[in-house]
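Colleague: In the working numbering, the protein residues as written are 2 to 292.
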Amino acid sequence: MTLAGTLRIPKDKGPHPAVVLIAGSGAQTRDGFDSHLRIHADLLAAQGFAVLNYDKRGVGASTGDYRRSGPEDLASDAAAGVALLRSRPDIDPRRIGLLGFSQGGMIEPFVASVDSSIAFVVNCGGTIVDGEQQEVYRVSAQMRAQGYPEAETNEAVTVQILKFFYARTRLGWESYLAAVERNRDKKWLTEVVRFVPTTKDTSTWEFWRKINVNLAERWARVQAPVLLVYGGLDPPHPLTGASTCFAPRCRPPDMRPLKSSSIQEPTTISWRREAARKQTNSWPAAIIRAI
Numbered sequence: 002m003t004l005a006g007t008l009r010i011p012k013d014k015g016p017h018p019a020v021v022l023i024a025g026s027g028a029q030t031r032d033g034f035d036s037h038l039r040i041h042a043d044l045l046a047a048q049g050f051a052v053l054n055y056d057k058r059g060v061g062a063s064t065g066d067y068r069r070s071g072p073e074d075l076a077s078d079a080a081a082g083v084a085l086l087r088s089r090p091d092i093d094p095r096r097i098g099l100l101g102f103s104q105g106g107m108i109e110p111f112v113a114s115v116d117s118s119i120a121f122v123v124n125c126g127g128t129i130v131d132g133e134q135q136e137v138y139r140v141s142a143q144m145r146a147q148g149y150p151e152a153e154t155n156e157a158v159t160v161q162i163l164k165f166f167y168a169r170t171r172l173g174w175e176s177y178l179a180a181v182e183r184n185r186d187k188k189w190l191t192e193v194v195r196f197v198p199t200t201k202d203t204s205t206w207e208f209w210r211k212i213n214v215n216l217a218e219r220w221a222r223v224q225a226p227v228l229l230v231y232g233g234l235d236p237p238h239p240l241t242g243a244s245t246c247f248a249p250r251c252r253p254p255d256m257r258p259l260k261s262s263s264i265q266e267p268t269t270i271s272w273r274r275e276a277a278r279k280q281t282n283s284w285p286a287a288i289i290r291a292i
């Protein structure tokens, strides 16, 4: 398998600190949806970082198939990026970190838990809990945030629970398919629940099975400092899960919320190129200060 990407190197003399950008779910090139990865890469490079971002497996110029890949598989891609940076004389091997978005934040602990030389980890909107818990929570929170009635919210959550149950056990196919069919005309089925396959042979089932992993166990083994970044109005993330996961390894002064007016918009509901650039202008500097 071959991964293709872009490496930005600051113009001033190195060796430079560096960061590997890890994309979220879906078919994302090195630029990311609505160019958000390219925007972050440009801004971080302007702050003096060398930045590596790459096409996901099977997307753009990269070979492979992300749809059949779990977090550990995708983590090996990010780890290869770290290894590439360490091999360069213009990169400081002691100052290489990870910046993951959404699913990319889920991948980070698989890299950092086995590589104690990772200097920092920044998780932007990535889940801390296992994939099934995250997705069930996301559907419930997003349905309520968008004003759906309680009965429809419960129905959407039921579809998601049945989907993951089948992915995990290969049982309950008839119940899952019946729930999908009775809600076939509902807008929320494709816009909120999303990814509702109606055949047993699609690779999507392998993906859903693989993301149902114990992330808390992985995060507990990460030695690098971790910065969690969530939009103040972003509904899909069970932030109490982050507190439960990280509190045992933190003294009170080490775990504190950092507020910024630039990241209050709900990132999963409205994320367009113009808004992305406006919202992220202050992120790299804030990340550098926090880490």
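Cβ coordinates follow ideal geometry from the N, Cα and C atoms, glycine included.
#1: Alpha carbon to alpha carbon, how far is Glu218 from Ala80? Give it in angstroms, no decimals.
#2: Taking all protein chains shown into account, decide if Pro258 is buried (16 or more other Cβ within 10 angstroms of its Cβ) or exposed.
#3: Verify whether the separation of the beta carbon atoms of Gly105 and Ile162 is less than 7 angstroms.
#4: Alpha carbon to alpha carbon, what distance is there between Arg185 and Val115?
#5: Which whole-angstrom value is the C-beta distance of Gly98 and Ile129, which I expect to be below 8 angstroms?
#6: Who pairs with His41 in a beta bridge, going by DSSP?
#7: Compute the Euclidean distance between the alpha carbons of Tyr67 and Thr205, then round it to the nearest angstrom.
#8: At which residues does the beta strand (DSSP E) containing Leu22 begin and terminate?
#9: Answer yes or no: do Asp74 and Ser63 have a C-beta to C-beta separation smaller than 7 angstroms?
#10: On the three-state DSSP scale, how would you describe Gly132?
#11: Near Ile108, which residues of its chain fall below 7 angstroms by C-beta distance, leaving aside the five closest residues on each side in sequence?
#12: Closest by CA to Arg171, which one among Glu207, Leu85 and Asp131?
#13: Under 7 angstroms, Cβ to Cβ, is there at least one residue of chain C near Leu38?
#14: According to the neighbour-count rule (16 or more other Cβ atoms, all chains shown, within 10 Å of its Cβ), is Lys201 buried or exposed?
#15: Take Val140 and list the residues in its own chain whose beta-carbon comes closer than 7 angstroms to its own, dropping the five residues that flank it on each side.
#16: Could you have a look at Val140 and say whether DSSP puts it in helix, strand or coil?
#17: So Met2 and Arg58 are supposed to be a Cβ contact under 8 angstroms. How far apart are they, rounded?
#18: Whose CA, out of Trp189, Pro94, Leu178 and Ala168, lies closest to the CA of Pro150?
#19: Need the endpoints of the alpha helix (DSSP H) that Pro110 sits in, please.
#20: Could you say which of Pro110, Arg89 and Ala5 lies nearest to Thr30 if we only look at CA atoms?
#21: I'd like the list of long-range same chain contacts for Arg87, defined as Cβ closer than 7 angstroms, with 5 residues on each side in sequence excluded.
#22: What is the residue span of the alpha helix (DSSP H) that Val230 lies within?
#23: For Ala51, which three-state DSSP category applies?
Modeller: Checking against the coordinates, here is how it stands:
#1: For the purposes of this step, residue 80 is taken as residue 79 along the sequence shown, with counting starting at 1. For the purposes of this step, residue 218 is taken as residue 217 along the sequence shown, with counting starting at 1. For Ala80 and Glu218, the gap between their C-alpha atoms comes out near 19 angstroms.
#2: Sequence index remark: in the sequence shown, residue 258 carries index 257 (1-based). Summary for Pro258: the model assigns pLDDT 48, below 50, so the residue's position carries little reliability; its value from the coordinates is reported in the next sentence. A residue is called buried once 16 or more other Cβ atoms fall within 10 Å of its Cβ, and Pro258, having fewer, is exposed.
#3: The residue labelled residue 105 in the question sits at position 104 within the sequence shown. The residue labelled residue 162 in the question sits at position 161 within the sequence shown. Not closer than 7 angstroms, so no.
#4: In the sequence shown, residue 115 corresponds to position 114, counting from 1. In the sequence shown, residue 185 corresponds to position 184, counting from 1. For the pair Val115 and Arg185, the Cα-to-Cα distance works out to about 43 angstroms.
#5: As a working note, residue 98 is residue 97 in the sequence shown. As a working note, residue 129 is residue 128 in the sequence shown. For Gly98 against Ile129, the beta-carbon gap comes to about 18 angstroms, at or over 8 angstroms, which does not count as contact.
#6: Indexing the sequence shown from 1 puts residue 41 at position 40. DSSP lists no partner for His41.
#7: Locating residue 67 in the sequence shown gives position 66, counting from the first residue. Locating residue 205 in the sequence shown gives position 204, counting from the first residue. Answer to the nearest angstrom: the Cα atoms are 10 angstroms apart.
#8: For this step, residue 22 is matched to residue 21 along the sequence shown. Element bounds for Leu22: His17 to Ile23.
#9: Here the question's residue 74 lines up with position 73 in the sequence shown. Here the question's residue 63 lines up with position 62 in the sequence shown. Between Asp74 and Ser63, the CB-CB gap reaches or exceeds 7 angstroms.
#10: Residue numbering aside, residue 132 sits at position 131 when the sequence shown is read from its first letter. Gly132 falls in the helix class under three-state DSSP.
#11: Here residue 108 refers to the residue found at position 107 of the sequence shown. Counting only Cβ-Cβ distances below 7 angstroms, and skipping sequence neighbours, we find Ile23, Pro72, Leu75, Ala76, Ala79 and Gly101.
#12: Here residue 171 corresponds to residue number 170 of the sequence shown, with the count starting at 1. That would be Glu207, whose Cα lies nearest to the Cα of Arg171.
#13: In summary, chain C is missing from the structure at hand, where a single protein chain is found.
#14: Locating residue 201 in the sequence shown gives position 200, counting from the first residue. Burial call: exposed.
#15: Here residue 140 refers to the residue found at position 139 when the sequence shown is read from its first residue. If we look at Val140 and ignore the five residues flanking it on each side, its Cβ neighbours are Ala157, Val158, Gln161, Val193 and Val194.
#16: Taking the sequence shown and counting its residues from 1, the one referred to as residue 140 is at position 139. Helix at Val140.
#17: On the sequence shown, residue 2 is found 1 positions in, with the first residue counted as 1. On the sequence shown, residue 58 is found 57 positions in, with the first residue counted as 1. Taking 8 angstroms as the upper bound for CB-CB distance, Met2 and Arg58 are in contact here, some 7 angstroms apart.
#18: Looking up residue 150 in the sequence shown gives position 149. Considering only alpha carbons, the answer is Trp189.
#19: Counted from its first residue, the sequence shown places residue 110 at position 109. Here the alpha helix (DSSP H) through Pro110 covers Gln104 to Ala113.
#20: By one-based count along the sequence shown, residue 30 stands at place 29. For Thr30, the nearest C-alpha among the options comes from Ala5.
#21: Walking along the sequence shown from the start, residue 87 turns up at place 86. Contacts found: Pro94 and Ile97.
#22: On the sequence shown, residue 230 is found 229 positions in, with the first residue counted as 1. Not the alpha helix (DSSP H): Val230 falls in the beta strand (DSSP E), residues Val227 to Val230.
#23: Sequence index remark: in the sequence shown, residue 51 carries index 50 (1-based). In the structure shown, Ala51 sits in a strand (DSSP, three-state: E or B).
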